[in-house]
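S.K.: Residue numbering for the sequence shown follows my numbering, starting at 170 and increasing by one per position. Beta carbons are placed, not taken as given, at the ideal position from N, Cα and C, and that holds for glycine. All of these numbers come straight from a predicted model, not from anything done at the bench. Pasting a structure here, questions to come.
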Amino acid sequence: MTTRPAPRSARTGAPAEVPASYEAALAELEQLVSQLDAGQLPLEQLLTHYQRGAELLAFCRARLDAVENQIKVLEGGELKPWDAA
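Put into structure tokens, the structure is as follows:
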């Protein structure tokens, strides 16, 4: 099993704060989008919020990809449609 380096903040190069879960990342992302949509942030905060949003989006996509890969393994390598009913 390989380990990935910790994500880094695009702005500072320092390690980015990793969300506790997919749900926590999604909640923070929704909050950031709401603040960005309001259009009331100073330019510096706008950029910082946008960068954090990009980090959170990448985290969420990676988690979803990991879950999809686990489902493929459980289904014998073939991804089958999920029937929620």
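#1: Report, in whole angstroms, the separation of the C-beta atoms of leucine 225 and glutamate 197, which I expect to be a contact under 8 Å.
#2: Quick check on DSSP: helix, strand or coil for glutamine 200?
#3: What span of residues does the alpha helix (DSSP H) with leucine 216 cover, start to end?
#4: In three-state terms, what does DSSP make of alanine 189?
#5: With burial defined as no fewer than 16 other Cβ atoms inside 10 Å of the residue's Cβ, what is the status of alanine 207: buried or exposed?
M.R.: In terms of the structure at hand:
#1: 6 Å
#2: Helix, per DSSP.
#3: 212-243
#4: The answer is coil: DSSP assigns alanine 189 none of H, G, I, E or B.
#5: exposed
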